[in-house]
Amino acid sequence: MTRLVDPSYYGDSPQRMNAALSELRDLRCDFLIAGRVEGGSFKTLEDLPIPPDYAEMFTQIPESAFREDISSTELRRQLHRLPE
Numbered sequence: 003m004t005r006l007v008d009p010s011y012y013g014d015s016p017q018r019m020n021a022a023l024s025e026l027r028d029l030r031c032d033f034l035i036a037g038r039v040e041g042g043s044f045k046t047l048e049d050l051p052i053p054p055d056y057a058e059m060f061t062q063i064p065e066s067a068f069r070e071d072i073s074s075t076e077l078r079r080q081l082h083r084l085p086e
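Each residue of the sequence shown is one higher than the one before, counting from 3 in the working numbering.
What follows is the structure in structure tokens.
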């Protein structure tokens with residue numbers, strides 16, 4: 003999720019990032035944000051640098067409704083250990 007609002011993923015161009023977000027908003031896209039452990043602490047929507055003009059596109063899933071402190075890499079490892 004962080005990449006969506008990080009200008010470095012748009013060639014270090016805030017203008018390109020805003021253009022992409024504007025296009026997504028025009029398409030009526032919304033994003034549900036689940037928190038995750040990053041750098042040893044639990045990060046939520048409040049920790050993301052969402053430009054104010056696009057804040058209405060993002061909704062936080064409450065930590066009480068969704069929190070699983072496991073990485074996608076670990077999930078894949080567990081999946082491959084299961085018998086088929």
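Where a beta carbon is used, it is the ideal one built from N, C-alpha and C, also for glycine.
Cβ pair residue i, residue j closer than 8 Å
i     : j     : result
Leu47 : Phe68 : no
Ile63 : Leu26 : no
Leu50 : Val7  : yes
According to DSSP, residues forming a beta bridge with residue i
i     : result
Val72 : This sequence places Ile at residue 72; Val is not what is there. For Ile72, which the question treats as bridged, DSSP gives no partner whatsoever.
Gln62 : Ile35
Ser43 : Glu40
Contact test: residue i Cβ vs the ligand MG heavy atom, cutoff 7 Å
i     : result
Arg18 : The ligand content of the structure shown is nil, which means the ligand MG is not present either.
Beta-carbon separation (whole angstroms), residue i vs residue j, contact threshold 8 Å
i     : j     : result
Pro53 : Leu23 : 7 Å
When you compare the stretch 65–83 with the stretch 25–40, are there three or more beta-carbon pairs, one atom per stretch, that lie closer than 8 Å?
A contact exists between the stretch 65–83 and the stretch 25–40.
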